[in-house]
Every structure is written in C-alpha cells, then in structure tokens.
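**Q** One structure, as structure tokens, below. Some questions next.
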Amino acid sequence: MSKENIEKLEIALGKLDAKENVIYFLTYDTKNNARAAIKHIYDMALTLKQNGSNPKILVEDKTYTKPLWLGNVYDDLEIVTIKEDQINITIDDVIVVPEYYSNVLQQLSNVRCSKVMLIQQKDYIFETLPVGSRWSDYGFDRVITTTESTKKYIQEIFPEVLVHIIPPMIGEDFKPIEGIVKPYIAISCRDRSKHRKFISEFYLKYPHLRWVTFRDMVQMSYEEFSEGLKECMVSLWIDDESTFGTFPLESMKCGVPVVGKIPDTEPDWLSENGMWTYDESKIIDILGTYVLAWLDGVELTDEVKEKMKETLLPYNTEITKNNILSIFNSITNKRVETLQKALEKLKQEETV
Amino acid sequence: MKNITVILPVHKVDGDYRIMLDNAIKSVEPFQNDVKLSIVCPSELKELLVNLSETLEINIISNNSKTDFISQVNLGIEKCDTEWFSILEVDDEYKSIWLKSINEYVEAYNDIDVFLPIVKDINTDGKFINFTNESTWAYGFTEKQGVLDNEVLLDFQNYQISGGLYKTQVVKDNGSFKDNIKLTFGYEFLLRLTHNNAKIMTVPRIGYQHLNFREDSLFWLYKNDDTIKVTEDEAKFWLETAKKEFFFKNKRDVNYEIA
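This is how it looks when you write it as structure tokens:
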C-alpha cells in the first residue's frame, strides 16, 4: 500500500514539476450575459495557460453557455463538465471555487487537491455556506479576493485562511478614443428599475437635454462594450452591491469621467477621481451639471485626469498577470513542499 | 493661413447696434489666427466702421445694392476667398469653444460640408430659452446620429444657419440664399444642400449664442411689423414654398404675393 502511495506522490510531484497538474476554475453559467466576475475567472485561467500551466474551466454540465461576449481571445481555454466529463481531480490539482458555489464545499471536502475560494462578492459568502461552517472545514485554506477591504473582512471572519488579492484586469481595449467624444452617457446600473428611474429623472429635470443619448452598457460583447464606452462624454455608475467596481475603472481608462454613487462597500480605488456622492438623490443633478458644462466646452481639470491615471496604476494588466502567476506558483510550491514531506515520511516508513 | 471667413452683415451702426456689433466682433477675436472677418454693409456706413478690432483681420464689403440680411450674406459669400465661411448675426455671438470644437470635427469628418454648432437661444434678458440644431443627436432621429439629412429636414424645420461653418465652394456650387423667400430662406438653403448630397453635421457643443426676437430683428419684424408681418397662413406658405424651391439652384422669378 505504501509503495503504491509513494508512486502516486512521485507521479504527482512529476506533474507539478512539469506543470501538467490541472488548475480547475469552477465557473457558473451566466447564459452569455456579460459579467465582470466571469471575465476575471477567464483572465486568471488564460494568464496561467499562456505561461505554461494547465488551467481548465470547470462547469456543471453540457448546458453551459460559453461566454461569447468575451470574444475569441479565450477560445484556447478548455471547458470540462462535472457531469459528462467525469473528471478525476488528483492531489496535484488545484480547484478554485467562487463564492457562488459555497453549497458544493461539502462535496469537495473529500477531494484532496489544493483548494482555493474565489471571493468577488463578499455579500454572497454566506448565501449558501452552511451556517456556522468555515471554509477550512472543507479543506479550503486559501482565498483569492479582489480588494483590500474584502481581504480585511475575510481575515476577521476566517483568520485561519491565507488571503491573496488579485484585482480584475482592466483590459487594454479600454483606451481613450482617437476620434471625438459624442454626447452619449454610458450608464451602468445593476438595478434595472433604478436604471429607468435615473434616465427618466434626467430627461424630466433637463428637458432641453432630451437629445443626449443614454447608452445602456449591458448585453454587449466585450469589444462592443469597450468601443461604446470610449465614445461617451461621461459615464454613470450606480451599483450598491459592487465590491470591486470594474465599470468606473474601465471608464477612467478610456478617459471618460465618472458620475457615481459610492457603493455600500467603498472601493479601494475611490478618490477624487470622479464625481462621487453618497446621496443617490443628487446623482442626476451632478450628471446634468456636468453635461451642461461639457456642452459649454468645459474640460476635466488636469488634476482629475491625473487622479484617474493614478487610480489605474495598480490595475495595470502586466502587474496583475505577474500577481496571478506568483500566487499560483506559491500554491504549487506549497503543494510540492507538502507532497515532498509526505513522500519522505513514506519512504522513511518503508525503510523502517 | 486663415481658412475661415466670418460674414457679418450690418445694416445699422447707431445706438444699441454699435454695442451689439462690438460684442459680436469681440466674440470672433479669440479666433484671430484662423479667421478673418468680412463685414458687409450699405456703402454709406463704411466710413463709420473703423477701429473695430485691434487683433482681427477685417474686410469691409461695401454694398451698393439690396441691403437686406440675405442679400448682404450672399454678397459676403460671393467675395469669400477662404475654404470655409460662417455667418454671424449682429446681435449674436460665438462661444469660446466654437473654433476648437469645429476644428476637431473638421479633422475627424473630412466628408462633411457644413458643421452646425449647437445654438443657445436666449431672450433679451439673456435668459436661456432652448437649444437649436441639437436634435440631430437624438437617438433614432436621423439615419446617422449627428448628421442632418434631407428626409428629416422635410419634417423638421427648426435649424439655425448662423454660426455654422460652410464649405465655400459647396455653397457656391449649389447656390446661396434666395432673397425672394421670406422667413424660410435658411430652411430652403439647408434643404437644397442636403438634396444635392452636401453633408451637414451638428457639432455637439454650444458654439453660438443667438438672441431670439430682439425688437427690430428680422424675425421680430416678421411677427410684429405691419408692413412685413407674416401671418400663420403665410408662414405655412413659406414653409411649403421652401419645400418646392429647394430643387432649384437659383431663385426663380416667381411672384409670391398672396392674393
């Protein structure tokens, strides 16, 4: 039996050394609806793939809808299903589970691979996690999250886990327009009833601006989204549930100023880099004032432009890619260390 | 090299007119490097139009013929030797963003022949009334957002020609304003241009401020002066006339008197 185990460990170590072990990213189906959370998962997987690792997108079954909105950049990523592909997760593998799947932690507790929680929405942590249980109960000793404030929160609740931060990548597709900006307002509002309310309020309060178009930044491919965003004179962001806030950063990267309500969880990057308010009732007045000023030829001050650039510095794609590689390398190294120790122990027992 | 001529028709220079003229000229001064000013006036006023600006290149065009607004503008166009021209009314003014925003659009859209600014209409107290020319940017209003086409013009007439930037040759090729069309001469002009495939676009910045219904202005007289007053029925007539006449490059010798 121990000979068999030694062989297993040696194979596992060999796979880790050759980067043949699989890094599974458990992913949920958004039915091709654009979600920054999904892009984040695919970005991490793609970065690992491009650097010689073996990531796979793990989905429930064949009904999974590929996120076509992301374009064909991610086509090389292999998608495997739990149901049909009967995957065999081994000790050298890694599985990354988003908070959305906290209900399957129990089932994964007997799987002896490296287990990592991915927390992008801290409000969803406890939605399906059995009451009173903690991730470490199921063998999850690492967490990847997107912001410093969420990391802090996790460390308070789950002090035993190691928390890494990988912010979403703000892609290179987002850059200032080469031509000219148009009288469009990019709107991103999670609550659809509020979305309608804000547009109606704007047109009612500023009837002389009814010709200014609101561009609804949903149901677009990633390319359409970035192309559409950079044409806008301003963007409007209202998302109380957001933990990270990709949309404002994408706007800033396009040089499009943001009018927004500060979400309940204040993003790490929040500064004087936009027109922010805690008071939702003031949003439309701020927006109207900005639009009228823009029509009059008022430009953003250099100070705000500089703040926007500074805000984006930590979210540089290369920095994030290096961050991803370094975190997954540390997971691998830790695994190698653990397996080597186990192997040595087994070999010693064998000799005895 | 200045490639824009601002045509400013003047028919009086006394009292308030002088103040308005000075303000109008002042609004052109920030564009001195790119723009020259052509003031078209009745010949008897020429000697009064001196020391108008220290910075602008000004050319006074003395008019010995008809001195109504349309005829004066047409004379200015006829004498224009720059690639582009614009029309400035004596009681109006350019906003400081006008040249910068227009230049951006000229560079970005080299197939466009006319750039209209968004015009801010104010009353005699200086209070905002409404915008003009902005509707081309309303979603779904025109075939291509921002671009005014003939089909839309046939249904919507309210576009302001002053403050626009016109390609001189395109206007010369398609004909200037028709002085026998009352009230809707600007509308007929835009219809004619679009009918002849000239492309018109609105620059979505407030580039021009127009004083609406100033007492003694042409449109005020159309409304209030018994000698040239236009009734509602007549207004409809001129609208329909514009829709019929835009097929013709030059004004036709038609007797428009209403029985």
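Residue numbers (our numbering), protein chains in the order written: chain V, 1 to 352; chain B, 1 to 259. Heads up, the beta-carbon is just placed ideally off N, CA and C, and yes, glycines get one too. None of these values were measured; they are calculated from a predicted model.
Could you list the residues in the region 94-122 of chain B with a C-beta less than 8 Å from some C-beta on chain V, going in chain order?
**A** Listed by position along the chain: Lys95, Ser96, Ile97, Lys100, Ser101, Glu104, Tyr105, Ala108 and Ile118.
**Q** What's the call for Arg192/B, buried or exposed, on a 16-neighbour Cβ count within 10 Å?
**A** For this step, residue 192/B is matched to residue 192 along the second sequence. Classification of Arg192/B: buried, given that the 10 Å Cβ count is 16 or more.
**Q** Can you pull the chain B neighbours of Thr213/V, defined as C-beta to C-beta under 8 Å?
**A** Looking up residue 213/V in the first sequence gives position 213. The contacting residues are Trp137, Ala138, Tyr139 and Gln145.
**Q** Determine whether the beta carbon atoms of Ser38/B and Asn59/B lie at a separation below 7 Å.
**A** Within the second sequence, the letter at position 38 stands for residue 38/B. Within the second sequence, the letter at position 59 stands for residue 59/B. Yes, the Cβ-Cβ distance between Ser38/B and Asn59/B is below 7 Å.
**Q** In chain V, which residues lie less than 8 Å from Ile206/B when you measure between Cβ atoms?
**A** One-based indexing of the second sequence puts residue 206/B at position 206. Simply Leu295, Asp296 and Gly297.
**Q** Have a look at Glu223/V and Leu343/V and give me their C-alpha separation to the nearest angstrom.
**A** As a working mapping, residue 223/V is identified with position 223 in the first sequence. As a working mapping, residue 343/V is identified with position 343 in the first sequence. Going from the Cα of Glu223/V to the Cα of Leu343/V covers about 49 Å.
**Q** Per the DSSP calculation, His210/B is bridged to which residue(s)?
**A** Here the question's residue 210/B lines up with position 210 in the second sequence. Its beta-bridge partners are Asp121/B.
**Q** Less than 7 Å between C-beta atoms, sequence neighbours within five positions excluded: which residues of the same chain meet that for Glu231/V?
**A** As a working note, residue 231/V is residue 231 in the first sequence. Cβ neighbours of Glu231/V beyond the five flanking positions: Ile177, Val181, Lys182 and Tyr184.
**Q** How would you list, in chain order, the residues of chain B whose beta-carbon sits under 8 Å from the beta-carbon of Gly182/V?
**A** Here residue 182/V refers to the residue found at position 182 when the first sequence is read from its first residue. First, the amino acid is wrong: residue 182/V is Lys here, not Gly. Correct list: Trp137, Gln145, Gly146 and Pro204.
**Q** Can you name the start and end residues of the alpha helix (DSSP H) that His195/B belongs to?
**A** Position 195 of the second sequence, counted from the start, is the residue given in the question as residue 195/B. Element bounds for His195/B: Phe185 to His195.
**Q** At 3 residues or longer, what runs of the beta strand (DSSP E) sit wholly inside the region 127-187 of chain V?
**A** DSSP runs (the beta strand (DSSP E)) wholly in the region 127-187 of chain V: 140-145 and 162-165.
**Q** Assuming Trp276/V contacts Leu249/V under a Cβ cut-off of 8 Å, what Cβ separation, rounded to an integer in Å, is found between them?
**A** Taking the first sequence and counting its residues from 1, the one referred to as residue 276/V is at position 276. Taking the first sequence and counting its residues from 1, the one referred to as residue 249/V is at position 249. With 8 Å as the limit, Trp276/V and Leu249/V do not qualify as a contact, their Cβ atoms being about 14 Å apart.
**Q** Do Ile129/B and Val203/B count as a contact pair if the criterion is CB distance below 7 Å?
**A** Along the second sequence, read from residue 1 onward, the residue named residue 203/B stands at position 203. Along the second sequence, read from residue 1 onward, the residue named residue 129/B stands at position 129. Against a cut-off of 7 Å, the Cβ pair of Ile129/B and Val203/B comes out as no contact.
**Q** Quick one: any contact between the region 153-161 of chain B and the region 223-232 of chain B, if contact means 3 or more CB pairs under 8 Å?
**A** Cβ pair count under 8 Å is below three, so no.
**Q** Just to confirm the assignment, what range does the alpha helix (DSSP H) spanning Trp238/B have?
**A** Stepping through the second sequence from its first residue, residue 238/B is reached at position 238. Unbroken alpha helix (DSSP H) run through Trp238/B: Glu232 to Glu245.
**Q** Taking the straight line between their C-alpha atoms, what separation do you get for Tyr377/V and Pro267/V?
**A** Residue 377/V lies beyond the range of chain V shown here (1 to 352); nothing can be said about it.
**Q** Assess, as a yes-or-no matter, whether the region 92-108 of chain B is touched by the region 127-144 of chain B under the definition of 3 or more beta carbon pairs within less than 8 Å.
**A** Short answer: they don't touch.
**Q** Can you name the start and end residues of the alpha helix (DSSP H) that Met44/V belongs to?
**A** As a working note, residue 44/V is residue 44 in the first sequence. Its alpha helix (DSSP H) spans residues Ala36 to Gln50.
**Q** By how many angstroms is the C-alpha of Thr243/V removed from the C-alpha of Ile262/V?
**A** Mapped onto the first sequence, residue 262/V falls at position 262. Mapped onto the first sequence, residue 243/V falls at position 243. So the two alpha carbons sit approximately 11 Å from each other.
**Q** Anyone know if the C-beta pair for Glu57/B and Lys36/B falls short of 7 Å?
**A** Counting from one through the second sequence, the residue named residue 57/B turns up at place 57. Counting from one through the second sequence, the residue named residue 36/B turns up at place 36. Yes. Within cutoff.
**Q** Between the region 133-145 of chain V and the region 117-124 of chain V, can you find at least three pairs of beta-carbon atoms closer than 8 Å?
**A** Yes: at least three Cβ pairs fall under 8 Å.
**Q** In chain V, what lies closer than 9 Å to Phe131/B by C-beta?
**A** As a position in the second sequence, residue 131/B is number 131, starting the count at 1. In chain order: His208, Leu209, Trp211 and Leu295.
**Q** Residues of chain V with CB under 7 Å from Glu134/B, in chain order?
**A** Within the second sequence, numbered from 1, the residue matching residue 134/B stands at position 134. In chain order: Trp211.
**Q** Which of helix, strand or coil does DSSP assign to Tyr109/B?
**A** Numbered from 1 along the second sequence, position 109 holds the residue referred to as residue 109/B. Looking at Tyr109/B - three-state DSSP - the assignment turns out to be coil, as it is neither helix nor strand.
**Q** Considering only the alpha carbon of each residue, which of Glu241/V, Phe158/V, Asp296/V and Asn273/V lies closest to Phe140/V?
**A** Locating residue 140/V in the first sequence gives position 140, counting from the first residue. Nearest of Glu241/V, Phe158/V, Asp296/V and Asn273/V to Phe140/V, Cα basis: Phe158/V.
**Q** Could you give the distance in angstroms between the alpha-carbon of Ser226/V and the alpha-carbon of Phe174/V?
**A** Position 226 of the first sequence, counted from the first residue, corresponds to residue 226/V. Position 174 of the first sequence, counted from the first residue, corresponds to residue 174/V. If I take the Cα positions, the gap works out to 6 Å.
**Q** If you count every other CB in all the chains shown that lies within 10 Å of the CB of Asp43/V, and 16 or more means buried, which is it?
**A** In the first sequence, counting from the first residue as 1, residue 43/V sits at position 43. Under this definition Asp43/V is a buried residue.
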